[in-house]
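Residue numbers (the working numbering): 9 to 354.
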Ligand code: BGC
Ligand code: CA
């Protein structure tokens with residue numbers, strides 16, 4: 009009993025203390041809560057993007073406003089993400105940033121958010137247009153997949169044309185394999201289509217050996233690549249990967265099999281992650297395409313801020329009403345320093 013009443017007194021005391029603080033110190037910044045739900049914490053690109061997002065928000069803080077970010081990992085399960093969004097809304101989030109597990113299945117999340125009037129910024133995994141039209145407080149921040157595929161194709165075409173070792177068996181054609189991201193992801197489907205189309209349009213004769221899905225993942229790509237090497241041995245001249253992690257995984261497979269440098273195919277990735285840029289510096293990746301995580305993080309942070317404070321919406325560059333797309337950029341050993349600097353300074 010005595011213990012209980014002591015706890016009770018302490019509780020009342022702290023309420024009194026909190027109220028007193030609220031009255032006497034009107035300068036304490038308001039706290040806003042931002043809930044982030046993302047599809048999988050093993051994703052390199054998204055982890056780097058979210059680090060940058062948190063830093064951007066910190067920089068925007070001022071004496072009137074402080075932001076608290078709560079991050080949830082769905083570990084690849086949409087049902088888990090639906091529950092996490094519910095929990096984040098119940099915890100009092102002012103804005104949600106959602107990286108859908110299944111980009112075709114946002115209805116439950118949209119209904120929940122609309123019922124509680126919490127706006128959503130979808131990012132990186134783009135919902136279909138009809139879903140975004142369900143409510144006028146739904147936004148998207150990402151990049152244009154077709155642009156990245158075209159840039160990867162241009163980089164590869166340029167390298168092949170200027171490198172007389174590219175066509176190893178000298179049959180006038182480039183034998184290639186593609187390592188693809190998740191089936192159904194806008195970036196996987198469109199990047200693969202566009203890179204091949206762009207190469208062909210630049211006059212490169214191509215011969216497709218195989219396509220393999222490796223779900224954006226380095227270890228899976230290593231595994232798939234080992235199988236491909238087993239099947240095609242020295243025939244592979246070009247590896248086109250939908251992201252850097254998979255390009256690096258393909259390289260891991262060759263390293264494991266002790267291939268000499270001269271026997272390696274050309275590797276191209278997309279993203280410009282820390283490891284991807286380093287591989288460009290080391291000339292292991294012939295090139296990559298910068299997926300502007302700092303730009304995307306900044307757009308998300310500004311949009312959060314605008315939704316919370318009601319100010320600054322007009323500074324944002326919307327397309328299709330409520331979408332923001334950041335441009336990609338081609339990265340080679342010649343300009344890689346510029347991107348290294350960018351990714352270190354948010
Ligand atoms: C990135 C990938 C990432 C994927 C996750 C893509 O835009 O290029 O690296 O795994 O998004 O959704
Ligand atoms: Ca050839």
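We put the CB at the ideal spot given by N, CA and C, even for glycine.
From a predicted model like this one, the values you see are computed outputs, not experimental measurements.
Sort out for me which residues DSSP pairs residue i with in a bridge.
i           : result
residue 150 : 333
residue 188 : 221
residue 78  : 43
residue 73  : 38 and 70
residue 280 : In DSSP, residue 280 forms no bridge with anything.
residue 295 : 276
Assign residue i to buried or exposed, taking buried as 16 or more other Cβ atoms, counted over all protein chains shown, within 10 Å of its Cβ.
i           : result
residue 115 : exposed
residue 99  : exposed
residue 64  : buried
residue 8   : Outside the modelled stretch of the chain, which goes from 9 to 354, sits residue 8, for which no answer is possible.
residue 37  : exposed
residue 136 : exposed
residue 240 : exposed
residue 30  : Unreliable positioning characterises residue 30 in this predicted model, as indicated by a pLDDT of 48, which lies under 50. A coordinate reading is not provided.
residue 212 : buried
residue 10  : Summary for residue 10: the model assigns pLDDT 45, below 50, so the residue's position carries little reliability, and this model does not support an answer.
residue 330 : buried
residue 306 : buried
residue 346 : exposed
residue 233 : buried
residue 171 : exposed
Rounded to the nearest angstrom, how far is the Cβ of residue i from that of residue j, given a contact under 8 Å?
i           : j           : result
residue 225 : residue 253 : 6 Å
residue 74  : residue 39  : 5 Å
residue 131 : residue 308 : 6 Å
residue 276 : residue 294 : 6 Å
residue 214 : residue 207 : 6 Å
residue 147 : residue 311 : 6 Å
residue 120 : residue 79  : About 18 Å; that fails the 8 Å criterion.
residue 198 : residue 134 : So it is not a contact: roughly 10 Å between Cβ atoms.
Inspect the beta-carbon positions of residue i and residue j and report whether they are closer than 8 Å.
i           : j           : result
residue 278 : residue 160 : yes
residue 355 : residue 333 : Here the chain has residues from 9 to 354 only, and residue 355 is not among them.
residue 77  : residue 102 : no
residue 82  : residue 48  : yes
residue 188 : residue 227 : no
residue 58  : residue 46  : yes
residue 104 : residue 150 : no
residue 285 : residue 348 : yes
residue 289 : residue 344 : yes
residue 200 : residue 186 : yes
Is any non-hydrogen atom of ligand 4 found closer than 7 Å to the C-beta of residue i, if you look at the structure I gave you?
i           : result
residue 133 : Absence of ligand 4 from the depicted structure is noted, with ligand 1 and ligand 2 being the only ligands included.
Contact the stretch 153 to 167 vs the stretch 252 to 267: 3+ CB pairs below 8 Å
no
Cβ contact check for the stretch 163 to 173 and the stretch 134 to 145: 3 or more pairs under 8 Å
no
Could you say if the stretch 264 to 275 and the stretch 243 to 251 meet the contact criterion of at least three C-beta pairs nearer than 8 Å?
yes
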